[in-house]
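**Student:**
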Amino acid sequence: MQLPAPSDKILATSKIPAPADITECAKPFVAATVVRPVQPLWPPGVPLFTGTLVSEIEVAVNADGSLAGAWVFTPSGYPELDLEALKAAKLSKYHGGIALCKPAPGTYLFRADFET
Numbered sequence: 415m416q417l418p419a420p421s422d423k424i425l426a427t428s429k430i431p432a433p434a435d436i437t438e439c440a441k442p443f444v445a446a447t448v449v450r451p452v453q454p455l456w457p458p459g460v461p462l463f464t465g466t467l468v469s470e471i472e473v474a475v476n477a478d479g480s481l482a483g484a485w486v487f488t489p490s491g492y493p494e495l496d497l498e499a500l501k502a503a504k505l506s507k508y509h510g511g512i513a514l515c516k517p518a519p520g521t522y523l524f525r526a527d528f529e530t
């Protein structure tokens, strides 16, 4: 395979905005946040125990705050608890992120603590 010969011609140019042109707001970068979390329920059939179990759910949030998707990020060790945490994360309400002063999609780590 032979590479094309070098050329001194510029094919196209475009101006790239300077950072000051695109970050003129108080907070140019803000992560997605939960604005109304839903508390997960203790599922029937899971025995009570002493201590705390944690299930973490990764939530993908659209720029408008709507849910794009959710999945178990860190399982608790009990699939039933993870499913309840996933259900609660999906029912919660979110605010999308901000990137370069404009609405942007983002992710949020929803943490569900199951304590007895």
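With my numbering as the guide, the letters of the sequence shown map in order to residues 415 to 530.
Quick reminder that beta carbons are idealized off the backbone N, C-alpha and C, glycines included.
Where does the unbroken beta strand (DSSP E) through Leu467 begin, and where does it stop?
**Tutor:** Residues Thr466 to Val475.
**Student:** Going by other Cβ atoms of all chains shown within 10 Å of its Cβ, with 16 needed for buried, is Ser480 buried or exposed?
**Tutor:** Classification for Ser480: exposed.
**Student:** Check for me: the alpha helix (DSSP H) holding Asp496 runs from which residue to which?
**Tutor:** First-last of the alpha helix (DSSP H) with Asp496: Pro493 to Leu505.
**Student:** Figure out for me which residue from Arg450, Ala513, Leu495 and Phe443 has the closest Cα to the Cα of Glu529.
**Tutor:** Measuring from the Cα of Glu529, the nearest candidate turns out to be Leu495.
**Student:** For Ala440, is the classification buried or exposed, using 16 other Cβ atoms within 10 angstroms of its Cβ as the cut-off for buried?
**Tutor:** Classification of Ala440: exposed, given that the 10 Å Cβ count is below 16.
**Student:** Does the distance from the C-beta atom of Pro442 to that of Ser506 stay below 8 Å?
**Tutor:** Not closer than 8 Å, so no.
**Student:** Taking C-beta to C-beta, are Val468 and Tyr522 nearer than 8 Å?
**Tutor:** Cβ distance not < 8 Å, so Val468 and Tyr522 don't count as in contact.
**Student:** How long is the line joining the alpha carbons of Leu497 and Lys429, rounded to whole angstroms?
**Tutor:** Their backbone Cα atoms lie some 49 Å apart in a straight line.
**Student:** Excluding five sequence neighbours on each side, which residues of the same chain lie with their C-beta closer than 6 Å to the C-beta of Leu462?
**Tutor:** Thr530.
**Student:** Beta-carbon within less than 7 Å of Glu438's beta-carbon, same chain only, minus the 5 sequence neighbours each way: which residues are those?
**Tutor:** Excluding sequence neighbours, Glu438 sits near Cys515.
**Student:** Can you give me the C-alpha to C-alpha distance between Ala503 and Ala513, rounded to a whole angstrom?
**Tutor:** So the two alpha carbons sit approximately 23 Å from each other.
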